[in-house]
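Engineer:
2 protein chains.
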Amino acid sequence: MKPLLQVALDNNTLSDAIKSANILGEVVDVIEAGTILCLQEGMEAVRCLRALFPNKIILADTKCADAGGTVAKNCKNAGANWMTVICSATIPTMKAALKEVDDLQVELYGDWTYEHAKQWKEAGLSQVVYHQSRDALLAGETWGKKDLDKVQGLIDMGFKVSVTGGLELETLKLFKGMDIYCFIAGRSLRDAENPREEANKWQEEIKRIWG
Amino acid sequence: MKPLLQVALDNNTLSDAIKSANILGEVVDVIEAGTILCLQEGMEAVRCLRALFPNKIILADTKCADAGGTVAKNCKNAGANWMTVICSATIPTMKAALKEVDDLQVELYGDWTYEHAKQWKEAGLSQVVYHQSRDALLAGETWGKKDLDKVQGLIDMGFKVSVTGGLELETLKLFKGMDIYCFIAGRSLRDAENPREEANKWQEEIKRIWG
Numbered sequence: 007m008k009p010l011l012q013v014a015l016d017n018n019t020l021s022d023a024i025k026s027a028n029i030l031g032e033v034v035d036v037i038e039a040g041t042i043l044c045l046q047e048g049m050e051a052v053r054c055l056r057a058l059f060p061n062k063i064i065l066a067d068t069k070c071a072d073a074g075g076t077v078a079k080n081c082k083n084a085g086a087n088w089m090t091v092i093c094s095a096t097i098p099t100m101k102a103a104l105k106e107v108d109d110l111q112v113e114l115y116g117d118w119t120y121e122h123a124k125q126w127k128e129a130g131l132s133q134v135v136y137h138q139s140r141d142a143l144l145a146g147e148t149w150g151k152k153d154l155d156k157v158q159g160l161i162d163m164g165f166k167v168s169v170t171g172g173l174e175l176e177t178l179k180l181f182k183g184m185d186i187y188c189f190i191a192g193r194s195l196r197d198a199e200n201p202r203e204e205a206n207k208w209q210e211e212i213k214r215i216w217g
Numbered sequence: 007m008k009p010l011l012q013v014a015l016d017n018n019t020l021s022d023a024i025k026s027a028n029i030l031g032e033v034v035d036v037i038e039a040g041t042i043l044c045l046q047e048g049m050e051a052v053r054c055l056r057a058l059f060p061n062k063i064i065l066a067d068t069k070c071a072d073a074g075g076t077v078a079k080n081c082k083n084a085g086a087n088w089m090t091v092i093c094s095a096t097i098p099t100m101k102a103a104l105k106e107v108d109d110l111q112v113e114l115y116g117d118w119t120y121e122h123a124k125q126w127k128e129a130g131l132s133q134v135v136y137h138q139s140r141d142a143l144l145a146g147e148t149w150g151k152k153d154l155d156k157v158q159g160l161i162d163m164g165f166k167v168s169v170t171g172g173l174e175l176e177t178l179k180l181f182k183g184m185d186i187y188c189f190i191a192g193r194s195l196r197d198a199e200n201p202r203e204e205a206n207k208w209q210e211e212i213k214r215i216w217g
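If you read the protein sequences in the order shown, they are chains H and G.
Counting in our numbering, the first sequence runs from 7 upward without gaps.
Counting in our numbering, the second sequence runs from 7 upward without gaps.
(1) Using a Cβ-Cβ distance cut-off of 8 Å, determine whether Cys-44/H contacts chain G.
(2) If you follow the alpha helix (DSSP H) that Glu-211/H is in, where does it begin and where does it stop?
(3) Starting from Cys-70/G and walking both ways along the alpha helix (DSSP H), at which residues does that stretch end?
(4) Would a check of beta-carbon distances place Thr-177/G closer than 8 Å to chain H?
(5) Would you be able to state if there are at least three C-beta pairs under 8 Å between the segment 77–85 of chain H and the segment 125–141 of chain H?
(6) So Ala-39/G and Ala-51/G are supposed to be a Cβ contact under 8 Å. How far apart are they, rounded?
(7) Closest Cβ-Cβ distance between Gly-130/H and chain A: below 8 Å?
(8) Any beta carbon from chain H within less than 8 Å of Asp-22/G's own beta carbon?
(9) Spell out whether any CB of chain H is found under 8 Å from the CB atom of Ala-64/G.
(10) Counting only C-beta atoms, is Cys-93/G closer than 8 Å to chain H at any point?
(11) What are the start and end residues of the alpha helix (DSSP H) that includes Asp-153/G?
(12) Could you give the uninterrupted runs of the alpha helix (DSSP H) lying entirely in the segment 74–147 of chain G, keeping only those of 4 residues or more?
(13) Please state the DSSP three-state secondary structure of Glu-47/H.
(14) By how many angstroms is the C-alpha of Thr-68/H removed from the C-alpha of Ala-23/H?
(15) Taking Cβ positions only, does Ala-205/G come closer than 8 Å to chain H?
(16) Report the rounded CA-to-CA distance for Asn-61/H versus Asp-155/G, giving the unit in angstroms.
(17) Closer than 8 Å by C-beta to Leu-175/G: which residues in its own chain qualify, once you throw out the five before and the five after it? Chain order, please.
(18) Of all the CB atoms in chain H, is at least one closer than 8 Å to the CB of Asp-16/G?
If you want it as structure tokens, here you go:
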């Protein structure tokens, strides 16, 4: 299956997020209310994105670590289809969240293991997000064989694996031959000279490689 | 030193949080804008708490996993003194956040190790929060020797250790003889028949044991 394209709206204000969403929303497959945006503006951000895009998949990137049921219910009520939990959340937290939303993504940070991944699978989770931390990228780390092997390992376990962190149009071909579920990009799309044109180029590149 | 008392405002709405804060704020030492509240209402919740309590320590419980600098700057600008990061955040994320706020707490969830804790210490972090997950508590887990030993291990490493999750007035004496930095309670205080009287009882019990 062709990978999806997701824009991460990690804007600092609602108006700025709406500006980005208005330009990019129709071109992408998934619209993400980023953690920064959720923490700044609360679920009003998700409500506004839902108001603008009644039929798109909207993801609330809460990186939820606890109180999964409550957080997920609040996301759902605001109009989100999907939300994220952090990999260090307990299994009961993940299960509680999964009951409320259409789907749940586990955000992979720190020292997660395949043993953990097995537990997520057994708990009914199907999506994970392989992440290059923004701060790790700033500290000079980048995508490499080590990352791609881990991503493939998760795909081989049967997960729908999304990838994110420092992706560029030129990076997509690194994943050729891999069954990526979704490419997630934030500033590479939002801060492009022409964001909509850039997003269209990403979609074309995805079609070219996986189409 | 006598442990501090912190109320976690994990309310679902700003008005409800303000109601709790108005009753409890003067009695406690630290006022926490809980994760649920931050995700629901955004940093406006922190701004309102700061407006009500110009001189209290206010903590934004963001459980930040990435973009530490941006999230911390936003918390600080809203009036928070402290914020939280999740233990699975990378060291660069923690360092970036620590630069912006007065102090940072590492929230312990999942399979953290003393090796990780050593890295946090080396990165300049001094506070950790030992957590019984709300969902784990709902699943029947509770405080025991295993938890107390881990808490003591972190104290022995030189951390200021706060404890939270399912604490009751009667639970406090479990920690007798331990150098706890802060007791964090949410619904035990907020949902008490008389929340202010209950918080006063906690403060008296803390004085009785550690005074």
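Glycine is no exception: its CB is placed at the ideal position from the N, C-alpha and C atoms.
Structural biologist: Short version:
(1) Walking along the first sequence from the start, residue 44/H turns up at place 38. Chain G contact via Cβ: present.
(2) Residue mapping note: residue 211/H aligns to position 205 of the first sequence, counting from 1. Here the alpha helix (DSSP H) through Glu-211/H covers 201–216.
(3) As a working mapping, residue 70/G is identified with position 64 in the second sequence. Boundaries for Cys-70/G: no alpha helix (DSSP H) harbours it, while the beta strand (DSSP E) harbouring it runs 63–70, taken from the DSSP string.
(4) The count along the second sequence starts at 1 and reaches residue 177/G at position 171. No, no contact with chain H.
(5) Taking 8 Å as the limit for Cβ pairs, the verdict is that the segment 77–85 of chain H does not touch the segment 125–141 of chain H.
(6) The residue given as residue 39/G occupies position 33 in the second sequence. The residue given as residue 51/G occupies position 45 in the second sequence. Indeed they touch by this definition, with Cβ atoms about 5 Å apart.
(7) Absence of chain A from the displayed structure is noted, the protein chains being H and G.
(8) Stepping through the second sequence from its first residue, residue 22/G is reached at position 16. No, its Cβ sits nowhere closer than 8 Å to a Cβ of chain H.
(9) Your numbering for residue 64/G matches position 58 in the second sequence. Per the sequence shown, residue 64/G should be read as Ile rather than Ala. Not one chain H Cβ lies under 8 Å of Ile-64/G.
(10) Translated into the one-based positions of the second sequence, residue 93/G becomes position 87. Chain H, which has a Cβ nearer than 8 Å to the Cβ of Cys-93/G, makes this yes.
(11) Looking up residue 153/G in the second sequence gives position 147. Boundaries of the alpha helix (DSSP H) harbouring Asp-153/G: 151–162, taken from the DSSP string.
(12) Correct list: 74–84, 97–104, 120–128, 140–144.
(13) Position 41 of the first sequence holds residue 47/H. Collapsing the DSSP output to three states places Glu-47/H in a helix.
(14) As a working mapping, residue 23/H is identified with position 17 in the first sequence. As a working mapping, residue 68/H is identified with position 62 in the first sequence. Rounded to the nearest angstrom, the two C-alpha atoms are 16 Å apart.
(15) For the purposes of this step, residue 205/G is taken as residue 199 along the second sequence, with counting starting at 1. No - not a single Cβ of chain H is within 8 Å of the one on Ala-205/G.
(16) In the first sequence, residue 61/H corresponds to position 55, counting from 1. In the second sequence, residue 155/G corresponds to position 149, counting from 1. The alpha-carbon separation between Asn-61/H and Asp-155/G amounts to approximately 51 Å.
(17) One-based indexing of the second sequence puts residue 175/G at position 169. Excluding positions up to five away in sequence, the list reads Ser-194, Glu-204, Lys-207, Trp-208, Glu-211.
(18) The count along the second sequence starts at 1 and reaches residue 16/G at position 10. Interface residue, yes.
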